[in-house]
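A.B. asks: Heads up: the protein sequence lines correspond to chains U and W, in order.
Per our numbering, the very first residue in the first sequence carries number -9; after that it's consecutive.
Per our numbering, the very first residue in the second sequence carries number -9; after that it's consecutive.
Ideal placement from N, C-alpha and C gives every residue a C-beta, glycine not left out.
Protein chains: 2
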Amino acid sequence: MVVKVHGPAYASATRRVLACLFDKEIEFEIVPVDLLKGEHKNPDFLKLQPFGVVPVIQDGDLTLYESRAIIRYYAEKYKSQGVDLLGTSVEDRAVVEQWLEVEGQNFHPPIYTLVLQILYYPKLGLPIDEKAVKEGEENLGKVLDIYEERLSKSKYLAGDFYSLADLSHLPFTHYLVTDIGKGYMIKDRKHVNAWWEDISNRPSWKKVLDL
Amino acid sequence: MVVKVHGPAYASATRRVLACLFDKEIEFEIVPVDLLKGEHKNPDFLKLQPFGVVPVIQDGDLTLYESRAIIRYYAEKYKSQGVDLLGTSVEDRAVVEQWLEVEGQNFHPPIYTLVLQILYYPKLGLPIDEKAVKEGEENLGKVLDIYEERLSKSKYLAGDFYSLADLSHLPFTHYLVTDIGKGYMIKDRKHVNAWWEDISNRPSWKKVLDL
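1) Does any residue of chain U have a CB that is nearer than 7 Å to the CB of W/Tyr63?
2) Three-state secondary structure (DSSP) at W/Gly50?
3) Would you decide whether U/Gly94 is buried or exposed? Buried here means 16 or more other CB atoms lie within 10 Å of its CB.
4) Please report the straight-line C-alpha distance between W/Leu54 and U/Gln88, rounded to a whole angstrom.
5) Would you decide whether W/Lys196 is buried or exposed? Buried here means 16 or more other CB atoms lie within 10 Å of its CB.
6) For U/Pro45 and chain W, any beta-carbon pair shorter than 7 Å?
7) Could you run through the region 25 to 54 of chain U and flag, in chain order, every residue whose CB is less than 7 Å away from some CB of chain W?
8) 7 Å is my cut-off, CB to CB: does W/Glu19 come that close to chain U?
9) When the Cα of W/Gly42 is compared with those of U/Ala9, U/Val133, U/Thr4 and U/Lys67, which residue comes out closest?
10) Could you tell me which residues DSSP pairs with U/His(-4) in its beta bridges?
11) Cutting at 7 Å between CB atoms, please list the residues of its own chain near U/Thr103, excluding the five before and the five after it.
12) Can you tell which of W/Ser70, W/Val44 and W/Gln71 has its C-alpha closest to the C-alpha of W/Ile60?
13) Let me make sure I understand the geometry here. Which of W/Asn32, W/Arg192 and W/Val105 has the alpha-carbon closest to that of W/Val167?
14) Using CA atoms only, rank isn't needed, just tell me which of U/Pro(-2), U/Ser2, U/Met(-9) and U/Glu29 is closest to U/Glu15.
15) If we require 4 or more residues per run, which alpha helix (DSSP H) segments fall completely within the region 43 to 113 of chain U?
16) When burial is assigned at 16 or more other CB atoms within 10 Å of the CB, is W/Asp135 buried or exposed?
17) Going along the chain, which residues of its own chain have a beta-carbon closer than 6 Å to the beta-carbon of U/Val46, five neighbours each way excluded?
18) Of the residues U/Phe12, U/Asp156 and U/Ser142, which one's Cα is nearest the Cα of U/Gln71?
19) In terms of residues, what are the limits of the alpha helix (DSSP H) holding W/Gly131?
20) What residue does the alpha helix (DSSP H) around U/Ser190 start on, and which one ends it?
21) Determine the DSSP secondary structure at W/Tyr146, reduced to helix, strand or coil.
22) Pairing CB atoms from the region 150 to 168 of chain U with CB atoms from the region -2 to 6 of chain U, are three or more of them under 8 Å?
23) For the candidate residues W/Pro33, W/Pro(-2), W/Leu36 and W/Asp49, whose alpha-carbon lies nearest to that of W/Asp24?
24) The alpha helix (DSSP H) spanning U/Ala155 covers which residue range?
25) From this set, U/Asn32, U/Gly28, U/Lys69 and U/Leu75, which residue's C-alpha is nearest U/Gly149's C-alpha?
26) Within the same chain, show all residues whose beta-carbon is closer than 6 Å to that of U/Leu147, passing over the 5 residues directly before and after it, in chain order.
27) Determine the direct distance from the alpha carbon of U/Leu8 to that of U/Ser142, and round the result to whole angstroms.
28) Please state the DSSP three-state secondary structure of U/Ala3.
29) Does the beta carbon of U/Lys197 sit closer than 7 Å to a beta carbon anywhere in chain W?
30) So U/Met175 is in the alpha helix (DSSP H); what residue range does that whole segment cover?
31) Going by the beta-carbon positions, is the gap between U/Tyr64 and W/Ala84 smaller than 7 Å?
32) Below 7 Å on C-beta distance, what does W/Lys(-6) contact in chain U?
33) Mapping DSSP to helix, strand and coil, what is W/Pro193?
34) Consider the Cβ of U/Gln107: report whether some Cβ of chain W lies at a distance smaller than 7 Å.
35) Whose Cβ in chain U lies nearer than 9 Å to the Cβ of W/Lys67?
36) Which bits of chain W does U/Gly94 rub up against, with CB to CB less than 8 Å?
Laid out in structure tokens, this is it:
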């Protein structure tokens, strides 16, 4: 059964799912959703995803959304296939979950603000809110300072193994470094930079960017 | 081994953890953290939780923070003890994870804004931002409309079984109904209201409120 992934391959949350599918060696096909045409707000799409955001997967009888729920599902269901993304014990997984929550609750909000304001607002003809950008950078900096301390003690966020916690940071950190000129926030932090060099050069992530 | 829970029992994220510990029949002791005295920003606390927020648990050698990571840990580790909070299959858990993510990413931000503005800003001597309150209520209303549709088809969010997804909504919905006078947002939605009546009357939640 080939997994159907609804959503453009360039969308950040879709990329989170695709990086996981490549690591888990799971076959998939992309079902295009044209965000510029508003197809994610069409009635047919809303039947799959009532909040009107990408991605959604269909896998046999299972329809599932929320990118971080989808990656957990494949990491658990195919634990022994491809790269193990959850660690080897229940305690390992607990720490993976801790950093996955930190990504969703602490890292994501300020980096999302920066990407939205600097990359997308100009494209939409909206003025950049410089105060929001300044606050976003300050808040993201505080989070990255904690990451720097953590990554001085372990190679990856959850320990000495690559996991969903690291993977989940790929899409938005890619924007930060490549698209909005804030790469110094990574490069100026030695251990965060080494971590980023490692995870962003993984073959599975390169395949995502090549799509 | 008794689980140590650092954080005042009245804090919303601590309550999320305590509700889970009661459901899983796990012994715990509260280690008080006086938020008004700023004890969550003390160096000793920051060694346990670098972001300076409650709760943190200590369980033998494991120190863990992020309330939604902690509840996942206990639900998985003690799957067959107390109430099963993850469903019976990997697919059940996937749907639990979906709604747990919806809680964290869609439900929490607007309800947090409402509670912060209406309950805490006056206590801190800060003026209420009426525009933020209006937007928070609009956004929460849209989320609850989707819940209403979902709960017209299944008794609980992830299906016909109570799970972490429902449990995670308890602390802030309690504020909404009890402390900030917005209970009509629940009562005016028939299925959301039936769900709330059910989950808020569970013995484990009543024990949390009694602490």
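C.D. replies: In terms of the structure at hand:
1) Here residue 63 of chain W refers to the residue found at position 73 when the second sequence is read from its first residue. With 7 Å as the cut-off, W/Tyr63 counts as an interface residue toward chain U.
2) As a working note, residue 50 of chain W is residue 60 in the second sequence. Looking at W/Gly50 - three-state DSSP - the assignment turns out to be coil, as it is neither helix nor strand.
3) Here the question's residue 94 of chain U lines up with position 104 in the first sequence. It is buried - the Cβ of U/Gly94 has at least 16 other Cβ atoms within 10 Å.
4) Locating residue 54 of chain W in the second sequence gives position 64, where the first residue counts as 1. Locating residue 88 of chain U in the first sequence gives position 98, where the first residue counts as 1. One C-alpha to the other measures close to 7 Å.
5) Your numbering for residue 196 of chain W matches position 206 in the second sequence. Result: exposed.
6) In the first sequence, counting from the first residue as 1, residue 45 of chain U sits at position 55. Chain W contact via Cβ: absent.
7) Pro40, Phe41, Leu52 and Leu54
8) In the second sequence, residue 19 of chain W corresponds to position 29, counting from 1. No, its Cβ sits nowhere closer than 7 Å to a Cβ of chain U.
9) The sequence position of residue 42 of chain W within the second sequence is 52, counting from 1. Nearest C-alpha to W/Gly42: U/Val133.
10) Taking the first residue of the first sequence as position 1, residue -4 of chain U is located at position 6. DSSP output for U/His(-4) lists U/Val21 and U/Val46 as bridge partner(s).
11) As a first step, residue 103 of chain U is located in the first sequence; it is residue number 113 there, counting from the start. Here the set comprises Ala122 and Gly126.
12) Within the second sequence, numbered from 1, the residue matching residue 60 of chain W stands at position 70. The residue with the shortest Cα to Cα distance from W/Ile60 is W/Val44.
13) For the purposes of this step, residue 167 of chain W is identified with residue 177 of the second sequence, where counting begins at 1. Closest by alpha carbon: W/Val105.
14) Indexing the first sequence from 1 puts residue 15 of chain U at position 25. That would be U/Met(-9), whose Cα lies nearest to the Cα of U/Glu15.
15) 57 to 67, 80 to 92 and 98 to 105
16) Sequence index remark: in the second sequence, residue 135 of chain W carries index 145 (1-based). Exposed: under 16 other Cβ atoms inside 10 Å.
17) For the purposes of this step, residue 46 of chain U is identified with residue 56 of the first sequence, where counting begins at 1. Within the same chain, U/Val46 has close Cβ partners His(-4), Leu38, Gln39 and Tyr55.
18) The residue labelled residue 71 of chain U in the question sits at position 81 within the first sequence. Comparing Cα-Cα distances from U/Gln71 to each of U/Phe12, U/Asp156 and U/Ser142, the minimum goes to U/Phe12.
19) Numbered from its first residue, the second sequence carries residue 131 of chain W at position 141. Residues Glu120 to Leu141.
20) On the first sequence, position 200 is the one that residue 190 of chain U refers to. Under the DSSP assignment, U/Ser190 falls in the alpha helix (DSSP H) whose first and last residues are Lys180 to Ser190.
21) Your numbering for residue 146 of chain W matches position 156 in the second sequence. Reduced to three states, the DSSP call for W/Tyr146 is strand.
22) yes
23) The residue labelled residue 24 of chain W in the question sits at position 34 within the second sequence. Among W/Pro33, W/Pro(-2), W/Leu36 and W/Asp49, the Cα nearest to that of W/Asp24 belongs to W/Pro(-2).
24) Sequence index remark: in the first sequence, residue 155 of chain U carries index 165 (1-based). Segment Leu154 to Leu157, the alpha helix (DSSP H) holding U/Ala155.
25) Start at 1 with the first residue of the first sequence, and residue 149 of chain U comes out as number 159. Selected option, being the one with the closest Cα: U/Leu75.
26) The count along the first sequence starts at 1 and reaches residue 147 of chain U at position 157. Cβ neighbours of U/Leu147 beyond the five flanking positions: Trp89, Ala155 and Asp156.
27) Taking the first residue of the first sequence as position 1, residue 142 of chain U is located at position 152. Taking the first residue of the first sequence as position 1, residue 8 of chain U is located at position 18. If I take the Cα positions, the gap works out to 29 Å.
28) Locating residue 3 of chain U in the first sequence gives position 13, counting from the first residue. Correct three-state label for U/Ala3: helix.
29) Stepping through the first sequence from its first residue, residue 197 of chain U is reached at position 207. No, no contact with chain W.
30) For the purposes of this step, residue 175 of chain U is taken as residue 185 along the first sequence, with counting starting at 1. Tyr174 to Lys177 is the extent of the alpha helix (DSSP H) around U/Met175.
31) Numbered from its first residue, the first sequence carries residue 64 of chain U at position 74. Numbered from its first residue, the second sequence carries residue 84 of chain W at position 94. For U/Tyr64 and W/Ala84, no; Cβs fall outside 7 Å.
32) For this step, residue -6 of chain W is matched to residue 4 along the second sequence. Here the premise fails: no neighbours, minimum Cβ distance about 15 Å.
33) In the second sequence, residue 193 of chain W corresponds to position 203, counting from 1. Helix.
34) Locating residue 107 of chain U in the first sequence gives position 117, where the first residue counts as 1. It does not; no Cβ of chain W falls within 7 Å.
35) Numbered from its first residue, the second sequence carries residue 67 of chain W at position 77. Per Cβ cutoff of 9 Å: Val80, Glu81 and Ala84.
36) The residue labelled residue 94 of chain U in the question sits at position 104 within the first sequence. Correct list: Glu91, Gly94 and Gln95.
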